[in-house]
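A.B. asks: First the structure, which I've put down as structure tokens, then a few questions once you've had a look.
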Amino acid sequence: MTQDDISDLLVRLTAQDRAALRALYTRAAPKLTGILIRMLGERAEAEDALQEVFLRIWQRAATFDPDKGNGMNWICAIARNHALDRLRTRPARRGVTLAPADETLQVADPGMGAEAQTLLRAQMQEVIRCFDELPEDRAAAVRGAYLEGLSYKDLADKFDVPLNTMRTWLRRAIMSLRECLDR
180 MTQDDISDLL VRLTAQDRAA LRALYTRAAP KLTGILIRML GERAEAEDAL
230 QEVFLRIWQR AATFDPDKGN GMNWICAIAR NHALDRLRTR PARRGVTLAP
280 ADETLQVADP GMGAEAQTLL RAQMQEVIRC FDELPEDRAA AVRGAYLEGL
330 SYKDLADKFD VPLNTMRTWL RRAIMSLREC LDR
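The sequence shown begins at 180 in my numbering and counts up one residue at a time.
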């Protein structure tokens, strides 16, 4: 099944096609589980979140527009946003660390072939290279915001800087990363 097949399944969901939902779950659940484990840090919570993500996908399938992007990216964004929502609702645990790498490696992505893996590795190396060009505190702030779900306030407190300074750090760091990746 290709990325376009995910888009086709999402289009079929708009007609409340349960077979399309089953096919989508079979195809996408391993990847979404990996994202959720990495962000939430606990397999049990990730599995709960996965069910909620698929409910959101079912309810919002009509908002998917295949002309604006591919289906896998759309459902990954839903999973990521749901994980961030969960992280924000548990203030006592905001400093949660990411799941151990070996646990996330056990989640298979059956659709990724050797060519796609090679391309992904090259892209990951490029992102790492660009992160290495950022000052250490800016890179850590970006990781905190986008991987751990920390708010601007949490990050400002963590790095002992004013809130507006943190906003500026993140905005400029993202712009630097974008420029680096566009080179």
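Virtual Cβ for every residue (Gly too), placed ideally from N, Cα, C.
For Gln304, which of helix, strand or coil comes out of DSSP?
C.D. replies: As a working mapping, residue 304 is identified with position 125 in the sequence shown. If DSSP states are grouped into helix, strand and coil, Gln304 belongs with the helices.
A.B. asks: Taking DSSP as the reference, what is the three-state secondary structure of Pro314?
C.D. replies: If you number the sequence shown from 1, residue 314 lands on position 135. It is coil, neither helix nor strand.
A.B. asks: On a CA-only basis, which of Ile216, Arg259, Glu305, Ala208 is nearest Ala324? Give me that one, please.
C.D. replies: Sequence index remark: in the sequence shown, residue 324 carries index 145 (1-based). Ala324 has its Cα closest to that of Arg259, out of Ile216, Arg259, Glu305, Ala208.
A.B. asks: For a minimum of 4 consecutive residues, which ranges assigned as the alpha helix (DSSP H) are wholly contained in the region 216-276?
C.D. replies: 222-239, 250-267
A.B. asks: I need the DSSP call for Val321, collapsed to helix, strand or coil.
C.D. replies: Taking the first residue of the sequence shown as position 1, residue 321 is located at position 142. Helix at Val321.
A.B. asks: Can you find the residues in the same chain that come closer than 7 Å, C-beta to C-beta, to Cys359, ignoring five residues on each side of it along the sequence?
C.D. replies: Numbered from 1 along the sequence shown, position 180 holds the residue referred to as residue 359. Correct list, in chain order: Cys309, Glu312.
A.B. asks: Quick check: Val321 and Leu349, are their CB atoms within less than 8 Å of each other?
C.D. replies: As a working mapping, residue 321 is identified with position 142 in the sequence shown. As a working mapping, residue 349 is identified with position 170 in the sequence shown. The Cβ-Cβ distance between Val321 and Leu349 falls below 8 Å.
A.B. asks: CA-CA distance, Thr193 and Tyr204?
C.D. replies: On the sequence shown, residue 193 is found 14 positions in, with the first residue counted as 1. On the sequence shown, residue 204 is found 25 positions in, with the first residue counted as 1. Their backbone Cα atoms lie some 15 Å apart in a straight line.
A.B. asks: Thr193 by DSSP, collapsed to three states: which one?
C.D. replies: Along the sequence shown, read from residue 1 onward, the residue named residue 193 stands at position 14. Thr193 falls in the coil class under three-state DSSP.
A.B. asks: Who are the Cβ neighbours of Ala335 in its own chain at under 6 Å, not counting the five residues just before and after it?
C.D. replies: Within the sequence shown, the letter at position 156 stands for residue 335. For Ala335, the CB contacts under 6 Å within the same chain, skipping 5 residues up- and downstream, are Leu342, Met345 in chain order.
A.B. asks: Using the Cα positions of Ile236 and Glu315, report the straight-line distance between them to the nearest angstrom.
C.D. replies: Within the sequence shown, residue 236 is the residue found at index 57, counting from 1. Within the sequence shown, residue 315 is the residue found at index 136, counting from 1. If I take the Cα positions, the gap works out to 37 Å.
A.B. asks: Work out the CA separation of Leu234 and Leu188 for me, nearest whole Å.
C.D. replies: By one-based count along the sequence shown, residue 188 stands at place 9. By one-based count along the sequence shown, residue 234 stands at place 55. CA-CA distance, Leu188 to Leu234, rounds to 15 Å.
A.B. asks: Find out if the Cβ-Cβ distance for the pair Ala223, Thr212 is shorter than 8 Å.
C.D. replies: Reading the sequence shown from its first residue, position 44 is the one you call residue 223. Reading the sequence shown from its first residue, position 33 is the one you call residue 212. Not closer than 8 Å, so no.
A.B. asks: Between which two residues does the alpha helix (DSSP H) holding Asp361 run?
C.D. replies: Mapped onto the sequence shown, residue 361 falls at position 182. Per DSSP, Asp361 belongs to the alpha helix (DSSP H) from 342-361.
A.B. asks: Compare the beta carbon distance of Leu215 and Ala228 with 8 Å and say whether it is the shorter of the two.
C.D. replies: Taking the first residue of the sequence shown as 1, we reach residue 215 at position 36. Taking the first residue of the sequence shown as 1, we reach residue 228 at position 49. In this structure, Leu215 places its C-beta atom within 8 Å of the C-beta atom of Ala228.
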